[in-house]
Amino acid sequence: MDAVESAASPDGGKLAVMHARLEAIVRKMTNTLFRTARSGVINAGRDFSCCLVTADNELLVTAESLPIHVMRGPDLMAKIMRELQPAIRPGDAYLNNSPYHGNSHAGDHSLLVPVIDREGVYRYTVVVKAHVADCGNSVPSTLYANATDVYQEGALIFPSVQVQRDYRDCADIVRMCQMRIRAPRQWYGDHLALIGAARVGERELLALGEEVGWDRLVEHGKSWFDYSEQRMCASIRKLPNARVSAVNSHDPMIGMREGIPLKAVVEADPAEALLTVDLRENPDCVAAGINLTESTAMTAAMVGVFNSLGAGIPANAGSFRRICVRLRENCVAGVPRHPVSCSTATTGVADRVTNAVQRAMADFGDEFGMAECGLGIPATAAFISGKDSRRNSATYVNMLTLGQTCGAGTPWSDGWLTIAHVGNGGQVMRDSTEIDELMYPIRIWVDRVVADSEGAGRQRGAPSGEVEWGPVDTAMEGMWSSDGNTFPALGARGGGAGAKARQFKRSRDGSLSPLDAFGGVRLEPGESVVAFSCGGGGYGSPLERKAERVAHDVAERLVSPARAASVYGVVVDASGKLDRAATAEMRASRQTHS
Amino acid sequence: MSSLRLAIDTGGTFTDLIVENESGQLSLFKSPTTPSNPVKGVLDVLRVAAEGHGQPFARFLGRCTSLLHGTTRALNAVLSSNTARTAFLTTEGHPDVLLYREGGRSDPFNFLREFPEPYVPRALTWEVPGRIGASGEVVKPIDEARVREIAGELREKHVEAVSVCLLWSPLNPAHELRVGELLAEEMPEVPVTLSHQLTPMLREYRRASAASIDASLKPLMSDYIGRLESCLRGEGFAGRLLIVTSNGGVLDAATVAAAPILAINSGPSMAPVAGLHYARLHAGTSTAIVADTGGTSYDVSLVRDGHIPRTRETWLGDRFYGHMTGFPSVDIKSIGAGGGSIAWVDDGGLLRIGPESAGADPGPACYGRGGQRPTVTDACVVLGYIDPDYFLGGKMPLDPAAARRAVEDCVGRRLGLDVDAAAFAIVELATEKMVHAIEDVTVSHGVDPCSAVLVAGGGAAGLNSVKIASRLGIRRILFPHTGAVLSASGALLADLSATFTAPAVTSSANFAFAAVNNCIASLKDKCREFAAGPGAGAVATRVTYSVEARYERQVWELEIELPVEKFRGAEDVNRLVQRFHEEHQAVFAVADRDAGIEMLSWTARISCRLHEERSQSTTMAGEMSAAGRVRSVRFGSPERLRTAVRSMDDLRMGEVVRGPAIVESGFTTVVIEPDSSAEPLAGGGLMVTLTPMRSGEQFSAGER
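Chains as they are written, first to last, in numbering that gives the first Met the number 0: chain A, 0 to 593; chain B, 0 to 703.
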């Protein structure tokens with residue numbers, strides 16, 4: 000390295016190169032976890048995230064991660080790990096799934112591995128977080144919305160607990176998990192996959208630090224943060240100096256007949272390039288599993304902000320400097336107090352908060368914000384469990400990843416069909432019907448999208464998904480916590496709401512009876528669950544949607560000709576043939592009436 | 000008069016031809032591709048070659064015993080949505096297999112891109128009543144009357160091709176076969192693809208996607224192949240017309256016309272075949288990283304222990320936004336970084352390369368055709384790597400001032416760098432992207448790149464391959480004499496090969512000996528049939544068997560070569576399980592040695608070698624360069640170095656060219672970095688060796 004180059008201020012070329020190298024490390028971790036995990040929710044559903052945190056406990060790099068997992072949380076957990084464990088050594092690994100210690104919810108097992116150079120200097124923390132199929136809850140589901148507190152929830156909680164020393168398992172912890180987590184072999188396989196991914200990250204970072212020099216790597220981090228901060232500043236400066244807010248409501252649950260009203264207040268200060276999201280005007284913690292954790296409350300707000308500002312701003316501690324999220328303690332969308340339950344902290348209220356933030360931000364102007372995404376997690380993607388008669392009655396428990404459509408209309412595009420829920424950002428992979436039916440005694444009878452279920456808009460929301468599933472030759476238990484049965488995903492800037500989620504039991508005689516939104520069912524052979532996910536909300540007035548796009552939706556049987564006329568003001572026959580003159584007339588009369 | 004073998008690769012801009020005579024001498028020819036009429040491009044390049052051989056066209060063609068043809072025709076048709084009006088028949092209740100795909104999204108906060116349209120629209124999708132279950136049992140019989148009705152509706156909609164993918168057809172094809180029969184009765188003129196016949200693999204999306212892509216290509220590809228064959232025959236060609244397949248082999252033209260998805264990756268799939276050959280020949284190794292640098296993309300594959308890598312996850316277009324072929328193909332990672340990739344600076348002052356490319360028109364700024372934005376090629380001109388007067392052997396003079404201007408205006412000024420430093424940053428970032436592509440295919444598969452040789456193909460490979468190797472710790476870089484036409488040269492080396500797959504789901508804990516052995520026996524029969532049919536007269540035939548296996552409850556399989564062709568007892572199963580553990584450890588760095596494995600699909604791959612291997616040498620038609628020149632070139636440090644320029648043709652065997660140096664030929668320019676040296680290879684080509692000084696210093700510093 001010649002003196003001229005290293006003395007010069009870090010330029011955009013070098014920054015890009017070094018960042019690409021760090022991203023490559025995270026991708027290697029991701030690949031390892033995805034390919035080796037045992038739970039469907041990880042190896043098919045891709046419900047996991049990998050990231051790198053600096054020695055100052057700041058989030059540096061994530062790649063193809065679930066937004067709700069990583070924006071804040073890995074940093075909090077790294078900080079807590081270092082506070083609780085004063086003598087961290089190479090070869091250590093710590094498990095954190097505690098909602099009170101920086102993690103998201105108990106169903107997400109986070110593994111933290113320190114990266115310590117040969118001089119003994121603490122350099123980075125590698126974080127791998129995955130949604131495990133079971134975490135020892137009192138019911139066979141990691142999303143237990145009806146849990147009144149952490150005791151009823153029943154999860155084994157690990158508040159930053161050492162699980163490896165000298166690169167070897169702490170066997171007592173493994174034994175403990177195997178006694179309390181359903182399908183223990185599957186859990187252990189996942190645990191190995193988490194460790195494998197984290198160790199890949201550690202190894203690669205050590206090699207990179209040795210190669211380029213630790214100081215240079217640390218310097219890079221600072222420059223990268225500055226760069227990311229500048230990108231965020233540039234975006235905030237485009238916003239008007241204004242304060243906006245939006246309210247929505249989580250569905251009613253046991254003890255909360257009216258639902259839980261939620262509010263986000265967003266204030267843009269373009270002069271100072273600062274954006275503030277205030278979540279303090281929300282209710283206190285509730286006696287249910289839907290409370291947010293500190294990490295998911297912060298992150299839920301930030302996902303809404305990032306969705307609203309458009310592409311291209313790196314999500315890391317640098318860009319986060321310009322976002323201030325105000326939380327209060329003992330708030331359903333704030334910082335929980337032990338022992339409240341946060342079992343569904345990555346979905347439910349979190350999605351409502353993100354939705355409120357991005358819908359509020361749509362009021363900043365026509366090129367900002369987003370409509371609301373459909374709510375989760377519908378019974379199309381239930382937790383199923385039971386005994387598999389084809390596999391010597393082995394117990395199984397897993398989450399289906401089917402039917403989660405839900406994408407919201409944006410200023411730029413229609414709702415992404417498979418966004419799953421807003422905190423997921425569409426990262427989740429769908430199950431294959433054949434693979435599900437091979438692995439579990441299940442039959443997927445129906446798996447399709449539903450016409451006329453989209454939130455109408457200039458950019459429409461995604462339609463609902465319908466899934467009918469049931470057991471084959473055996474009994475099967477299904478559980479879900481499906482928000483969006485009562486309060487749908489709302490549209491923004493004149494866009495319409497998406498269809499609501501709902502679920503039914505089909506009896507042997509074919510009749511349908513409704514099932515609770517937060518609950519489950521035990522099915523006997525011949526019975527099935529018929530479930531619908533939410534449609535996403537629309538962005539902008541449906542009367543402004545290009546008539547050709549409406550006609551295309553009709554041709555594709557996503558929208559009926561009747562709805563095209565009544566909601567979009569577009570006259571089109573069932574084959575998608577557009578009547579331009581009639582459309583112009585109809586739209587003109589609507590505009591004058593409205 | 001001696002016989003000739005021909006290999007023709009039709010690319011986006013050029014059609015490449017290699018002619019091999021009986022003594023193994025190769026001659027290379029290039030002619031522009033005519034996208035509207037690719038048959039013409041093939042005939043044109045053949046005429047050029049006939050002239051080059053000083054022979055009348057018919058006489059020249061009459062000498063050719065075989066023509067091996069790689070073509071991007073199928074791929075381009077898909078990418079430009081220029082395929083047949085295709086209908087999709089699916090199981091009742093599952094109409095959205097193609098719409099939903101497998102989920103996933105690459106950039107969480109980027110909502111600029113719309114969700115992709117399905118390969119076949121919902122408007123052309125029909126649900127077939129009937130259901131097969133997971134054990135192959137008939138849950139609900141097929142409704143034949145409804146299928147006949149559907150055929151009527153297909154006619155009304157003027158459908159030109161039909162794909163059929165019903166759930167569980169690989170396990171029980173009865174329903175798919177019956178639909179095929181009924182359609183053949185009702186609409187015999189319309190081509191149909193049944194998914195289980197094309198690829199009897201589980202995962203309905205992949206099978207449906209493969210079947211739909213295949214069906215949609217049938218009218219077009221049978222037309223193209225038919226016309227090509229009749230034109231060639233008409234001009235006097237009496238040899239065998241073979242088409243390069245995605246799987247790294249060749250098959251008779253008629254076979255490919257009947258299943259055109261076989262040709263979706265035709266062309267690029269041959270680069271690793273060629274790379275392996277040259278690595279063995281010149282470097283004595285069968286582990287090689289094979290890279291092909293094109294104008295818009297950089298294609299990389301890893302050949303490990305002589306195995307050509309294969310995948311079933313090939314995307315046409317971008318991952319998550321394009322279509323997955325779901326069809327076995329040579330595994331090639333392609334990134335949008337080539338000579339034509341555009342460099343730019345974003346709002347935050349970060350340098351970016353691509354994905355936008357200047358393409359062939361207007362091309363890089365230095366082409367002088369109106370391009371204003373700097374490309375990697377422009378940066379190479381600025382740095383002195385490319386001689387503007389000797390590009391492509393002097394056939395195309397470049398405008399160095401335009402290159403400087405573009406680099407300075409669009410990058411240098413925005414980053415506060417002088418033009419040299421800006422150009423260097425562009426090449427360095429492009430290099431880094433290519434390095435990552437290589438890391439993706441090596442490190443993630445547990446292979447240390449240091450242990451491999453880098454085979455660098457493509458016209459622009461020489462510009463930064465030595466730099467790439469140096470970043471990865473690769474010691475040897477091989478520039479084959481046919482590097483500029485690597486895919487065509489691979490076709491000359493390719494075997495006639497086919498893959499047969501059949502499902503037999505079982506586990507190590509409860510191994511179904513009879514079912515598996517029957518399955519393998521049926522595959523063996525198919526191979527025997529192939530060997531006696533298309534493979535008759537082969538000089539050597541090889542069959543390998545493998546299985547897609549995974550740990551219990553995993554959903555992604557690894558392909559494991561079978562230790563035996565018949566499982567006789569627990570010991571045989573154990574050997575397979577051990578192989579799986581080893582492969583899992585090698586690929587993912589972990590193995591769960593206490594866990595059992597599950598097995599899904601069994602595959603036999605047959606390769607028939609059609610000709611004896613010959614030692615090749617090249618005669619280049621390129622013009623001589625002005626050898627012995629000296630240029631001022633910018634390498635790692637800001638001061639330019641006086642650098643010797645040598646002509647490839649002038650190098651003597653045994654001579655060592657020490658870096659810094661530039662070696663030029665009519666087809667390519669190779670930059671020999673300061674800490675490396677180059678030697679010509681017997682028969683043509685160049686081997687560059689990195690002197691271990693630079694990396695050695697770093698390692699010893701680390702170890703002290």
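Glycine included, every Cβ here is placed at the ideal spot set by N, Cα and C.
Does the beta carbon of B/H157 sit closer than 7 angstroms to a beta carbon anywhere in chain A?
-> Output row for B/H157: interface = no.
Residue range of the unbroken beta strand (DSSP E) whose run includes A/G464 = DSSP places A/G464 in the uninterrupted beta strand (DSSP E) bounded by G464 to P470.
Three-way DSSP call (helix, strand, coil) for A/R117 in this model | In this structure, A/R117 counts as coil in the three-state DSSP scheme.
Mind checking A/K499: buried by the 16 CB within 10 Å criterion, or exposed?
-> With a threshold of 16 other beta carbon atoms within 10 Å, A/K499 meets it and is buried.
The region 87–106 of chain B: which residues have C-beta closer than 9 angstroms to a C-beta of chain A, in chain order?
-> Within the region 87–106 of chain B, the qualifying residues are T90, E91, G92, H93, P94, D95, V96, L98, Y99, R100, E101, G102, G103, R104, S105 and D106.
Could you name the residues of the same chain whose beta carbon sits closer than 7 angstroms to that of B/E556, not counting the 5 residues immediately before and after it, in chain order?
-> Excluding its 5 nearest sequence neighbours in each direction, B/E556 has C-beta neighbours in its own chain below 7 angstroms: E547, A548, R549 and L599, listed in chain order.
A/Y226: contacting residues in chain B (beta-carbon distance under 9 angstroms) = Those are G347, G348 and L349, listed as they occur along chain B.
Using a beta-carbon distance below 7 angstroms, is B/P354 in contact with chain A?
-> Any Cβ of chain A closer than 7 angstroms to the Cβ of B/P354 would place that residue at the interface, and such an atom is absent.
Taking the Cβ atom as the reference point for each residue, do B/A287 and B/V434 lie within a distance shorter than 7 angstroms?
-> In this structure, B/A287 keeps its C-beta atom at 7 angstroms or more from the C-beta atom of B/V434.
From which residue to which residue does the beta strand (DSSP E) around B/L723 run?
-> Any question about residue 723 of chain B goes unanswered here, given that chain B covers just 0 to 703.
Simplified DSSP state of A/P513, which is helix, strand or coil | Here DSSP, grouped into helix, strand and coil, assigns A/P513 to strand.
Buried or exposed for A/Y567, please, with buried defined as at least 16 other CB atoms from any protein chain shown within 10 angstroms of its CB.
-> Around the beta carbon of A/Y567, 16 or more other beta carbons sit within 10 angstroms, so the residue counts as buried.
Any Cβ of chain B within less than 7 angstroms of the Cβ of A/A573?
-> Judged by the 7 angstroms Cβ criterion, A/A573 is not in contact with chain B.
Give every residue of the same chain whose Cβ lies closer than 7 angstroms to the Cβ of B/A57, excluding the five residues on either side of it in the sequence, and list them in chain order.
-> A distance below 7 angstroms between beta-carbons, with the five flanking residues on each side excluded, links B/A57 to the following residues of its chain, in chain order: E234 and G235.
Where in the region 97–130 of chain B do unbroken runs of the alpha helix (DSSP H), each at least 4 residues long, occur, reported from the N-terminal end onward?
-> Residue ranges of uninterrupted alpha helix (DSSP H) with 4 or more members are absent from the region 97–130 of chain B; none lies entirely inside it.
In terms of alpha-carbon separation, which member of A/A144, A/S412, A/E118 and A/H108 lies closest to A/V127?
-> Of A/A144, A/S412, A/E118 and A/H108, the residue nearest in Cα terms is A/H108.
Could you tell me whether any Cβ in chain B is nearer than 7 angstroms to the Cβ of A/W444?
-> Closer than 7 angstroms: yes.
Measure from the C-beta of B/H610 to each C-beta in chain E and report whether the shortest distance is under 7 angstroms.
-> Judged by its chain identifiers, the structure shown contains no chain E, and its protein chains are A and B.
Can B/A490 and B/V243 be called in contact, C-beta distance under 7 angstroms?
-> In contact: B/A490 and B/V243 (Cβ atoms closer than 7 angstroms).
What does A/P66 touch in chain B if you count any residue whose Cβ is under 8 angstroms from its own?
-> P107 and F108, listed in chain order.
Using a Cβ-Cβ cut-off of less than 9 angstroms, list which residues of the region 415–444 of chain B approach chain A; keep chain order.
-> Those residues of the region 415–444 of chain B that come within reach of chain A (Cβ to Cβ, closer than 9 angstroms) are G415, L416, A420, A421, F423, A424, I425, E427, L428, T430, E431, K432, V434, H435, E438, D439, V442 and S443.
On the three-state DSSP scale, how would you describe A/N306?
-> A/N306 sits in a helix when the DSSP states are folded into three classes.
Proximal residues of chain A, C-beta to C-beta of B/L201 below 9 angstroms = Here the neighbours are S431, E433, I434 and L437.
Cα-Cα, which of B/A6, B/T688, B/G10 and B/L5 is closest to B/G458?
-> Ranking B/A6, B/T688, B/G10 and B/L5 by Cα distance to B/G458 puts B/G10 first.
Cβ of A/F319 less than 7 angstroms from any chain B Cβ?
-> It does not; no Cβ of chain B falls within 7 angstroms.
Report the three-state DSSP secondary structure of A/K386 (helix, strand or coil).
-> In this structure, A/K386 counts as strand in the three-state DSSP scheme.
Chain B within 7 angstroms of A/L14, Cβ atoms only | Yes, its Cβ sits closer than 7 angstroms to a Cβ of chain B.
Delimiting residues of the alpha helix (DSSP H) encompassing B/L492 = L485 to L492 is the extent of the alpha helix (DSSP H) around B/L492.
What's the gap between the Cα of A/F595 and the Cα of A/E555?
-> No answer is possible for residue 595 of chain A: the residues shown for chain A start at 0 and end at 593.
Is it a yes or a no for the region 98–112 of chain B touching the region 126–139 of chain B, going by three-plus beta-carbon pairs under 8 angstroms?
-> Per the Cβ contact rule, the region 98–112 of chain B is not in contact with the region 126–139 of chain B (fewer than 3 Cβ pairs under 8 angstroms).
Under the three-state DSSP convention, the category B/E622 falls into | Residue confidence for B/E622 is low, a pLDDT of 45 falling below 50, so the modelled location carries little weight; the figure read from the coordinates is stated next. Residue state, collapsed to three classes: coil.
Take A/E467 as the anchor and find which of B/E91, B/G335, B/A48 and B/I352 has the nearest alpha-carbon.
-> Ranking B/E91, B/G335, B/A48 and B/I352 by Cα distance to A/E467 puts B/E91 first.
A/V427 versus chain B: which residues are under 8 angstroms apart at the beta carbon?
-> Ordered by position in chain B, the residues that pass the 8 angstroms Cβ test against A/V427 are G102 and G103.
May I ask which residues mark the beginning and end of the alpha helix (DSSP H) holding B/N75?
-> That run of the alpha helix (DSSP H) goes R72 to L78.
Give the straight-line distance between the Cα atoms of A/L75 and A/N56, rounded to the nearest whole angstrom.
-> In a straight line, the C-alpha of A/L75 is about 7 angstroms away from that of A/N56.
Identity of the residue in B/D649, B/L680, B/V644 and B/V655 nearest B/V670 by Cα = When the alpha-carbon of B/V670 is set against those of B/D649, B/L680, B/V644 and B/V655, the nearest one is in B/V644.
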